[in-house]
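Worksheet: one structure, shown below.
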Amino acid sequence: MSQEFTLFLDVFTAGALSFGGLAAVLSSLQNSLVGQHQLTSAEDFSRTYSLAVGAPGPNAIFLSLLGYRVAGPRGAALAALAWALPTLLMLYLVGRTGSAQAPDWMKATRKALVPVTAGLLAAGALSTARSFVMPTPQWLLSLTALLILLKRPKWNPFWVVAGCALVGALAIR
Amino acid sequence: MRVPLALILWEYFLIGITGFGGGLQGRFYHLAVSKHGWLNDEEFAEVNATASLAPGGNASNVGIEIARRLRGVPGMWAAYICLILPGSLLMLAAGATYEVYRDEPVLRGALQGLQCAATALILYSVTKLNLSRWNGLDYLLALGACLAIYLLKAPLWLVLGSGALVGLARRRA
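Going down the list, the sequences are from chains W and S. Residues 1 to 173 in the working numbering are what the first sequence spells out, letter by letter. Residues 1 to 173 in the working numbering are what the second sequence spells out, letter by letter.
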């Protein structure tokens, strides 16, 4: 199976199951793209995700960046397409009739999945933290940033991101 | 009222180039309700409900669903592409620059700092899931999902499927 097809399939599958957003499938994407199919290294994977966090726009940018690392411009386009297809299809189907007409089992399942989503997000956080070069100080920095986000919800998260990058540039070696 | 596709392209491009992380949802409300009056509050709430039923990031789903209401399927693709293209191009350029200076300790440190920010932002999204109303079983489900994906590297469909079954069964009970 060609690399590009594997990339498309892995991203499409993750996209179709991404209830809770990209971060909720991050760990599973790492399992398939890095562990199972070795399309990229673990270091590259988390570095690309942090670049996407530093970028303007939604986190889905991560997929075009990662696709580019794997297979150049075509890879970028393929990954972005694979990620969008399931979302756009579902939005089209649900949106056309209105969410009130959506079947009850769909809404019930979505609600029932909230704790699982939380667990998946936690796994995503562990994935981004996996390649910390100075684990203890970097976890401290992460938790400090989390505390600021919680205590100052009105502040633009951009400043927290920029602050972390600055601290990193000055102190993390 | 037929909203020109060019206007959607332009407005979403602006959000794509200036929107960071958590603030996106507010930007779409401003765009569609306050600025252009494309939707009223009730319609925006319906957009939110639809967006939360589909996979994918919630904020970008809101944007794509608004575009679907305005201009159907072409609107959806226009919205998605405009949201991810500016940041992707910017970060591809940044990535290329990084390759040139990858041995600069300051740059490596900044990227490690960004990884801390990414970790913090993911943990922050966990705190928005109504944790205060959880009971013991919810926490157990979350822990199970996290370990299954992160340590056991179980396939995502299996984790989501069994999580949904457990969640639905106890609602019934």
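Each residue gets a CB set at the ideal place from its N, CA and C atoms; glycine is no exception.
Exercise for review: Throw me the rounded Cβ distance for the S32 (chain W) and T128 (chain W) pair, which I believe falls under 8 Å.
Suggested key: No, S32 (chain W) and T128 (chain W) are not in contact; Cβ-Cβ is about 17 Å, not under 8 Å.
**Study point:** Nearest-angstrom Cα separation, counted from D41 (chain S) out to V33 (chain S)
**Key:** 7 Å
Review point. What residues from the stretch 103–129 of chain S come within 9 Å of chain W, judged by C-beta to C-beta, listed N to C?
Key: P105, V106, L107, R108, G109, A110, L111, Q112, G113, L114, Q115, C116, A117, A118, T119, A120, L121, I122, L123, Y124, S125, V126, T127 and L129
Practice item. With 8 Å as the limit, tell me which residues of the stretch 76–95 of chain W have their beta carbon closer than that to any beta carbon of chain S; keep them in chain order. Key: A76, A80, W83, A84, P86, T87, L88, M90, L91, Y92, V94 and G95
Exercise for review: Starting from K107 (chain W), trace the alpha helix (DSSP H) both ways and give me its first and last residue.
Suggested key: D104 to A112
Review point. Going straight from the alpha carbon of D138 (chain S) to that of A118 (chain W), what length do you get?
Key: 10 Å
Point to revise | Pair within 8 Å by beta-carbon distance, A125 (chain W) and L123 (chain S) | key: yes
Point to revise | Inter-stretch contact at 8 Å, needing at least 3 Cβ pairs: the stretch 64–75 of chain W / the stretch 13–31 of chain S | key: no
Check your understanding: In whole angstroms, what is the alpha-carbon distance linking A16 (chain W) and L149 (chain W)?
Key -> 29 Å
Exercise for review: Closer than 8 Å by beta-carbon distance: list the chain W residues that pair up with E43 (chain S), in chain order.
Suggested key: The premise fails here: E43 (chain S) is roughly 10 Å from chain W at the closest Cβ pair, so nothing lies under 8 Å.
Exercise for review: Tell me whether F8 (chain W) sits in a helix, a strand or coil according to DSSP, three-state version.
Suggested key: helix
Practice item. Counting only the same chain and skipping the five closest in sequence on each side, list residues whose C-beta sits under 7 Å from that of C164 (chain W). Key: L141 and A145
Practice item. Go ahead and pull the three-state DSSP assignment for F158 (chain W). Key: helix
**Study point:** Contact set between A164 (chain S) and chain W, taken where Cβ atoms lie within less than 8 Å
**Key:** T109, A112, L113 and V116
Review point. Which term fits D10 (chain W), buried or exposed, when burial requires 16 or more other beta carbons within 10 angstroms of its beta carbon?
Key: buried
Check your understanding: Which residues of chain W have a Cβ atom closer than 9 Å to the Cβ of G23 (chain S), listed in chain order?
Key -> N156, P157 and F158
Check your understanding: Buried or exposed: which applies to N135 (chain S), given that a residue is buried once 16 or more other Cβ atoms fall within 10 Å of its Cβ?
Key -> exposed
Practice item. Look up F20 (chain S) in the DSSP assignment and say whether it is helix, strand or coil. Key: strand
Check your understanding: Taking Cβ-Cβ distances shorter than 8 Å, what residues in chain W pair up with F28 (chain S)?
Key -> Within 8 Å Cβ-Cβ: nothing; F28 (chain S) doesn't reach chain W, min ~11 Å.
Point to revise | Among S:H36, S:Y80 and S:L158, nearest to T87 (chain W) - alpha-carbon criterion | key: S:Y80
Review point. Taking 8 Å as the CB-CB limit, is S27 (chain W) close to chain S?
Key: yes
Check your understanding: What first and last residue would you give for the alpha helix (DSSP H) that runs through A120 (chain S)?
Key -> P105 to T127
Review point. Can you give the beta carbon distance from G167 (chain S) to L113 (chain W), rounded, assuming they're within the 8 Å contact cut?
Key: 6 Å
Exercise for review: Return the CA-CA distance between P115 (chain W) and L141 (chain S), expressed in angstroms with no decimal places.
Suggested key: 6 Å
Review point. Does any CB atom of chain W fall closer than 8 Å to the CB of Y101 (chain S)?
Key: no
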